[in-house]
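Here's the structure, in structure tokens; my notes come after.
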Amino acid sequence: MVPAKYGLAAIGQHLVSLFEVRRPAIARFDGEALALFRREAEEAIAQMEKQSSERGVDAPRHWKRAREVVESVLLPRYLKLAKAENEAAALDYGLWRGGDLIARGAFALAGLVLGALMVWIPWIPVYEKWLPWALFVLGPFLPDAYFWWYRRKHEKKLEALVDDLAREGETLEAYQPLSEVHEALGIGRDESATQTASEAESASASRVRTR
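As structure tokens, this is what we get:
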């Protein structure tokens with residue numbers, strides 16, 4: 007058993023945060039990018055393993071499993087998400103003119119016109135005279151809200167990936183081999199010590215009878 011701060015969920019969250027710092031600067035998600043993320047993952051895991059060992063948590067099997075899960079689950083899924091996010095960001099998520107000044111001015115004007123129509127058309131129950139001006143002021147900020155929404159979608163996908171790693175960790179803990187459970191609880195050591203003591207007593211008794 008290892009503390010939650012060294013569990014798969016914590017490892018995944020830490021690695022994803024490290025990867026996200028580098029992601030915007032990566033142009034192609036090829037073998038070179040995979041090697042880069044793999045090196046970063048190994049360095050981070052090695053550092054966490056060293057810290058846990060310094061704090062008296064010696065669990066080589068856990069770190070071996072963590073490396074296997076990172077290699078087979080985290081890296082392939084993250085690379086796929088990162089590639090899709092970078093491609094969408096390069097196209098400004100499909101926003102007209104990328105939300106430049108002209109686009110923002112057009113959104114402000116469209117908000118003013120839409121608000122005026124909503125107040126003027128009699129069968130629309132909107133009577134607030136300030137609504138067109140409110141839409142006019144908010145219009146230029148529409149691209150910011152648009153970008154935030156898409157980036158939040160990417161963050162949610164990363165959170166789902168970390169949640170999957172957490173469930174993977176719970177499964178590994180639930181089906182932990184009996185030998186590891188005994189080792190964690192000290193049962194194996196106690197039985198070994200008892201067995202050693204019994205063998206020593208038997209040998210001593212045998213020597214006494216021989217004499």
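One gets this note's numbering by counting positions in the sequence shown from 1 and adding 6 to each.
Beta carbons are placed, not taken as given, at the ideal position from N, Cα and C, and that holds for glycine.
Check	Outcome
Three CB pairs or more closer than 8 Å across the stretch 142-162 and the stretch 102-116	yes
Cβ-Cβ separation, residue 40 to residue 76 (assumed contact under 8 Å), whole Å	That belief does not hold up - the Cβ atoms of residue 76 and residue 40 are roughly 12 Å apart, past 8 Å.
Whole-angstrom distance between residue 117 and residue 135, CA atom to CA atom	13 Å
Inter-residue spacing [alpha-carbon to alpha-carbon] between residue 133 and residue 119	15 Å
Proximity to residue 63 [Cα-Cα], best of 151, 8, 137, 172	8
C-beta atoms of residue 54 and residue 84 nearer than 8 Å	no
Collapsed DSSP secondary structure at residue 164 in the structure displayed	helix
Closest residue to residue 88 among 171, 103, 157, 14 (Cα-Cα distance)	157
For residue 61, the three-state DSSP class (helix, strand or coil)	coil
Cβ-based burial, residue 105 [other Cβ within 10 Å; buried from 16]	buried
Cut-off 8 Å between Cβ atoms - residues of its own chain near residue 199, not counting five sequence neighbours on either side	Interpretation of residue 199 is limited by its pLDDT of 46, a score under 50 that renders its predicted location unreliable; no figure is taken from the coordinates.
C-beta contact flag for residue 99 and residue 35 at 8 Å	no
First and last residue of the uninterrupted alpha helix (DSSP H) at residue 8	First-last for residue 8: undefined, no H or E at that position.
Member of 18, 26, 165, 175 whose CA lies at the smallest distance from the CA of residue 92	26
Proximity to residue 82 [Cα-Cα], best of 176, 171, 58	171
Rounded straight-line distance, which links the Cα of residue 18 to that of residue 192	With a pLDDT of only 49 at residue 192, under 50, the local geometry of the prediction cannot be trusted, and the value read off the model is given with reservation. Rounded to the nearest angstrom, the two C-alpha atoms are 29 Å apart.
Closer than 7 Å: residue 83 CB and nearest the ligand GTP heavy atom	Absent from the structure shown: the ligand GTP. Ligands present: none.
Three-state secondary structure (DSSP) of residue 126	helix
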